[in-house]
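Just below is one structure, and these are the notes that go with it.
Numbering (the numbering used here), first residue to last: 24 to 748.
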């Protein structure tokens with residue numbers, strides 16, 4: 024890109040709306056004028072060893088490359104980690120597929136460095152690079168201090184790049200035109216992976232140097248292949264900032280944030296346009312960008328499409344199927360083996376507030392309990408276990424648990440580490456853990472052997488209210504033995520306090536792999552019915568909800584979601600909830616809106632406009648029906664009525680009616696009709712509420728704290744269902 028010129032055609036604008044479709048609807052290459060040059064960039068990112076659709080992916084790539092012969096095929100990193108294909112083969116299965124598909128280049132993602140803390144260091148990555156039939160590019164990654172990469176890296180932009188070597192960038196000839204391609208890897212890698220001796224430098228500085236090198240070589244069409252995130256942290260790096268701050272880049276093929284860019288995103292459209300693409304994650308899509316340059320290397324036109332990989336009628340490539348079969352057979356053998364444990368409830372590895380990166384979950388509790396149990400076998404003085412939420416990668420549904428599921432939860436194969444920390448250091452650790460709350464953080468810590476109370480509204484760095492071990496407040500000068508994984512112990516996720524302890528020699532590494540200890544611990548339990556226990560509590564302002572009250576975690580969850588109205592002094596947990604309060608709470612939980620039509624009830628005239636709108640939203644979305652034109656807003660809502668509202672909310676949210684597998688085992692259904700029984704059974708099956716002493720007490724009024732529990736659990740469980748679709 025050498026001038027301030029851009030032309031977006033009507034054809035391009037129409038094609039931009041045709042993304043995320045099947046291959047037969049792929050965009051046509053834009054029409055070109057004499058002297059123009061059109062090429063296609065095929066791209067993947069964040070595949071994370073998802074190879075179950077390899078034959079479909081190969082058939083799609085071959086078909087499209089035949090249709091668009093002037094192309095490059097690029098990967099934006101994070102091939103490593105995520106499934107058993109990686110745990111079993113450490114990148115070699117992925118490499119076989121990428122070589123078969125004839126990739127042109129790949130940059131490094133942060134997960135390519137996940138094994139740096141192991142006994143063998145980055146041996147798997149070095150072998151991956153050496154075996155590649157394509158070059159690697161990353162202008163801001165320096166391997167020189169790690170002897171495993173001796174002879175593999177050349178800090179240059181090279182027109183004659185060799186396969187299995189690392190460069191700042193390469194010059195690729197496509198239909199007689201020179202295309203410059205350079206790579207970038209997020210500087211966050213040093214904190215969120217196990218980089219060890221590998222160093223990451225400033226992406227803006229290195230990008231400018233790469234562009235200059237290309238321009239000096241007479242290249243005016245430049246692609247940045249990046250693993251820095253589309254809209255990731257402004258304080259570290261991202262594609263949007265790269266586009267705005269480095270003149271000369273034409274296209275950014277990105278990864279890291281797993282964003283599904285249904286349309287190419289354009290920065291500096293009216294001056295020096297930069298087209299950014301990213302193809303989601305896990306080999307779900309193959310990205311295609313058709314781009315036309317004029318004879319000065321300026322983008323004139325573009326169109327983008329994401330091709331879905333796989334599907335019932337997708338074509339398959341026999342060669343790829345044969346290639347992947349021995350790898351897949353081994354993976355299946357391990358995946359299908361039973362651990363001997365059964366999940367009696369859904370074990371949640373979900374995201375969002377209340378998920379593994381922003382709250383206590385039953386799965387996080389089981390993981391840390393298992394870690395603590397293993398650590399105590401080795402050193403009985405261990406009192407605490409901590410697990411970073413970012414290391415918990417998926418959930419476990421109800422039913423028998425396989426080793427494949429255990430590995431899916433903890434796919435990085437981190438080993439156990441024991442650290443000796445002072446109470447003051449522990450406080451610093453947990454200040455870091457909760458600094459972003461209620462926003463998600465991969466460094467959010469799950470715990471065993473202790474309880475944390477913090478104020479999520481306070482200034483970051485001043486949030487920890489109390490940390491107790493066996494009910495006793497920790498002391499600043501006293502030391503505590505803490506179990507965690509090696510990644511966290513070495514300072515991963517920015518834990519500088521832990522990094523210093525590691526460097527000081529206060530860490531021992533017994534060597535037990537996390538998922539194996541996790542699977543063994545679940546087996547020792549048998550049937551797992553764990554729930555939220557109040558190990559991690561975000562402070563609320565209500566004086567009548569004590570930290571040790573059973574409802575505290577649910578009240579706190581709704582408070583930080585902004586769903587509770589009224590005074591900031593008292594919550595009145597035992598107060599009976601009215602029908603209007605119940606409807607309003609569920610409307611806020613689902614963020615339901617009204618179309619503007621007033622609800623047809625004659626008895627809501629005195630309510631505020633906001634409350635009327637919530638009643639209207641509840642009515643329009645089928646949550647409430649009323650009787651004889653009345654809503655009876657001030658009547659107490661019974662537990663059966665509340666269950667019916669939640670059943671209807673479930674149908675509204677998921678788009679399908681819930682049919683209970685069996686009648687809940689309560690003895691007090693009495694004469695309640697089939698709809699109410701089904702609704703109550705739904706709450707039981709989804710773990711939203713379990714009743715007491717074999718009874719549900721359907722006719723009893725719903726207290727505010729019981730409503731908080733049911734709505735909090737409902738939000739969580741309905742998201743689980745939504746994600747599984």
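All C-beta atoms, glycine included, are put in the ideal place defined by N, C-alpha and C.
For clarity, every value in this text was computed on a predicted model and none was experimentally measured.
Handout entry: residue 36 versus residue 315: straight-line alpha-carbon distance, rounded
Key = For the purposes of this step, residue 36 is taken as residue 13 along the chain shown, with counting starting at 1. For the purposes of this step, residue 315 is taken as residue 292 along the chain shown, with counting starting at 1. Because residue 36 carries a pLDDT of 28, less than 50, the predicted location of this residue cannot be relied on, and the following value inherits that uncertainty. Distance from the CA of residue 36 to the CA of residue 315, rounded to the nearest whole angstrom, comes to 14 Å.
Practice task
Evaluate residue 566 with the Cβ neighbour count: other Cβ atoms within 10 Å of its Cβ, from every protein chain shown; 16 or more gives buried, anything less gives exposed.
Solution key: Position 543 of the chain shown, counting from 1, holds the residue named residue 566. Looking at its Cβ environment, which holds fewer than 16 other Cβ atoms inside 10 Å, residue 566 is exposed.
Exercise for the section: Give the single residue among 580, 322, 159 whose Cα lies nearest to the Cα of residue 273. Expected result: Translated into positions along the chain shown, residue 273 becomes position 250. Restricting attention to 580, 322, 159, the CA atom closest to the CA of residue 273 is found in 322.
Practice task
Determine the contact status of residue 211 and residue 261, defining contact as a CB-CB distance below 8 Å.
Solution key: Translated into the one-based positions of the chain shown, residue 211 becomes position 188. Translated into the one-based positions of the chain shown, residue 261 becomes position 238. Taking 8 Å as the Cβ cut-off, residue 211 and residue 261 do not qualify as a contacting pair.
Exercise for the section: Give the C-beta separation of residue 207 and residue 251 to the nearest angstrom, bearing in mind that I take them to be a contact with Cβ-Cβ under 8 Å. Expected result: To locate residue 207, count along the chain shown from 1; it is residue 184. To locate residue 251, count along the chain shown from 1; it is residue 228. Right, the Cβ-Cβ distance comes to about 6 Å (below 8 Å), so this counts as a contact.
Exercise for the section: Could you check if residue 345 is buried or exposed, using at least 16 other CB atoms within 10 Å of its CB as the buried criterion? Expected result: Within the chain shown, the letter at position 322 stands for residue 345. Answer is exposed; the Cβ neighbour count stays below 16.
Problem - Coarse secondary structure for residue 787, derived from DSSP in three states - result: Outside the displayed span of the chain (24 to 748) sits residue 787, for which this structure offers no information.
Handout entry: residue 385 - DSSP class collapsed to helix/strand/coil
Key = By 1-based counting over the chain shown, the position of residue 385 is 362. Helix.
Handout entry: Test: residue 61 CB closer than 8 Å to a CB of chain D
Key = Looking at the structure shown, chain D is missing, and only one protein chain is on hand.
Problem - Bridge-paired residues (DSSP) for residue 361 - result: Within the chain shown, residue 361 is the residue found at index 338, counting from 1. Answer is 425.
Problem - Straight-line Cα distance separating residue 421 from residue 549 - result: Locating residue 549 in the chain shown gives position 526, counting from the first residue. Locating residue 421 in the chain shown gives position 398, counting from the first residue. Cα to Cα, the separation comes out at about 13 Å.
Problem - Per-residue burial, residue 662 [other beta carbons within 10 Å of its own, 16 or more giving buried] - result: Here the question's residue 662 lines up with position 639 in the chain shown. Its Cβ being crowded by 16 or more others within 10 Å, residue 662 is buried.
Problem - Under the three-state DSSP convention, the category residue 243 falls into - result: Here residue 243 corresponds to residue number 220 of the chain shown, with the count starting at 1. Reduced to three states, the DSSP call for residue 243 is coil.
Exercise for the section: Could you give the DSSP three-state label for residue 735: helix, strand or coil? Expected result: Numbered from 1 along the chain shown, position 712 holds the residue referred to as residue 735. The answer is helix: DSSP assigns residue 735 an H, G or I state.
Exercise for the section: Return the CA-CA distance between residue 733 and residue 416, expressed in angstroms with no decimal places. Expected result: Position 710 of the chain shown, counted from the start, is the residue given in the question as residue 733. Position 393 of the chain shown, counted from the start, is the residue given in the question as residue 416. Approximately 26 Å, taken between the alpha carbons.
Exercise for the section: Identify whether residue 497 lies in helix, strand or coil by the three-state DSSP scheme. Expected result: On the chain shown, residue 497 is found 474 positions in, with the first residue counted as 1. Coil.
Practice task
Specify whether the stretch 79 to 95 and the stretch 219 to 239 touch according to this definition: at least 3 beta carbon pairs, one from each stretch, less than 8 Å apart.
Solution key: no
Handout entry: Three-state secondary structure (DSSP) of residue 411
Key = As a first step, residue 411 is located in the chain shown; it is residue number 388 there, counting from the start. Three-state DSSP puts residue 411 in a strand.
Practice task
Assign residue 708 to one of three DSSP states: helix, strand, or coil.
Solution key: Here residue 708 is taken as the residue at index 685 of the chain shown, counted from 1. In this structure, residue 708 counts as helix in the three-state DSSP scheme.
Exercise for the section: State buried or exposed for residue 629, treating a residue as buried only when at least 16 other CB atoms are found within 10 Å of its CB. Expected result: For the purposes of this step, residue 629 is taken as residue 606 along the chain shown, with counting starting at 1. Result: exposed.
Exercise for the section: Please determine if the stretch 536 to 555 and the stretch 494 to 505 are in contact, where contact requires at least 3 C-beta pairs separated by less than 8 Å. Expected result: no
Practice task
Ignore the nearest five residues each way along the sequence and tell me which others in residue 195's own chain have a CB closer than 7 Å to its CB.
Solution key: For the purposes of this step, residue 195 is taken as the residue at position 172 of the chain shown. Result list for residue 195: 95, 127, 202, 204, in chain order.
Exercise for the section: Can you give me the Cβ contacts of residue 579 inside the same chain, cut-off strictly under 7 Å, excluding the 5 residues immediately before and after it? Expected result: Numbered from its first residue, the chain shown carries residue 579 at position 556. Result list for residue 579: 560, 561, 563, in chain order.
Problem - Assigned secondary structure, residue 282 (DSSP; H/G/I helix, E/B strand, else coil) - result: In the chain shown, the residue the question calls residue 282 occupies position 259. Of the three classes helix, strand and coil, the one that applies to residue 282 here is coil, per DSSP.
Problem - Simplified DSSP state of residue 324, which is helix, strand or coil - result: By 1-based counting over the chain shown, the position of residue 324 is 301. Residue 324: strand per DSSP, three-state reduction.
Handout entry: Cβ distance (whole Å) where residue 586 is taken to contact residue 611 below 8 Å
Key = Sequence index remark: in the chain shown, residue 586 carries index 563 (1-based). Sequence index remark: in the chain shown, residue 611 carries index 588 (1-based). Correct: roughly 5 Å between the Cβ atoms.
Exercise for the section: Enumerate, from N- to C-terminal direction, the unbroken alpha helix (DSSP H) stretches of 4 or more residues contained entirely within the stretch 619 to 692. Expected result: 632 to 643, 662 to 677
Handout entry: Buried/exposed call for residue 423, threshold 16 Cβ in 10 Å
Key = Stepping through the chain shown from its first residue, residue 423 is reached at position 400. Residue 423 should be labelled exposed.
Practice task
Give the DSSP-derived three-state secondary structure of residue 503 in the structure shown.
Solution key: Against the chain shown, residue 503 aligns to sequence position 480. Residue 503 falls in the strand class under three-state DSSP.
Exercise for the section: Give me the Cβ distance between residue 780 and residue 532, rounded to the nearest whole Å; I'm assuming they're in contact under 8 Å. Expected result: Only positions 24 to 748 of the chain appear in this structure, which leaves residue 780 out of reach.
Problem - Other residues of its chain near residue 47: CB distance less than 7 Å, five sequence neighbours each side excluded - result: The residue you call residue 47 lines up with position 24 of the chain shown. With a pLDDT of only 33 at residue 47, under 50, the local geometry of the prediction cannot be trusted, and the value read off the model is given with reservation. Here the set comprises nothing.
Handout entry: Alpha carbon of residue 320 to alpha carbon of residue 676, nearest angstrom
Key = Here residue 320 corresponds to residue number 297 of the chain shown, with the count starting at 1. Here residue 676 corresponds to residue number 653 of the chain shown, with the count starting at 1. So the two alpha carbons sit approximately 48 Å from each other.
Practice task
Have a look at residue 671 and residue 712 and give me their C-alpha separation to the nearest angstrom.
Solution key: Here residue 671 refers to the residue found at position 648 of the chain shown. Here residue 712 refers to the residue found at position 689 of the chain shown. Between residue 671 and residue 712, the C-alpha separation is close to 16 Å.
Handout entry: Of the residues 389, 290, 173, the one placed nearest residue 298, counting alpha carbons only
Key = Start at 1 with the first residue of the chain shown, and residue 298 comes out as number 275. Cα-wise, what sits closest to residue 298 is 290.
Practice task
Taking the CB atoms as reference points, tell me whether residue 452 and residue 518 lie closer together than 8 Å.
Solution key: Within the chain shown, residue 452 is the residue found at index 429, counting from 1. Within the chain shown, residue 518 is the residue found at index 495, counting from 1. Yes; because the gap between Cβ atoms is below 8 Å, this pair is in contact.
Handout entry: Enclosing beta strand (DSSP E) for residue 190 [first to last residue]
Key = Residue 190 sits at position 167 when you count from the first residue of the chain shown. 189 to 197 is the span of the beta strand (DSSP E), which, as asked, contains residue 190.
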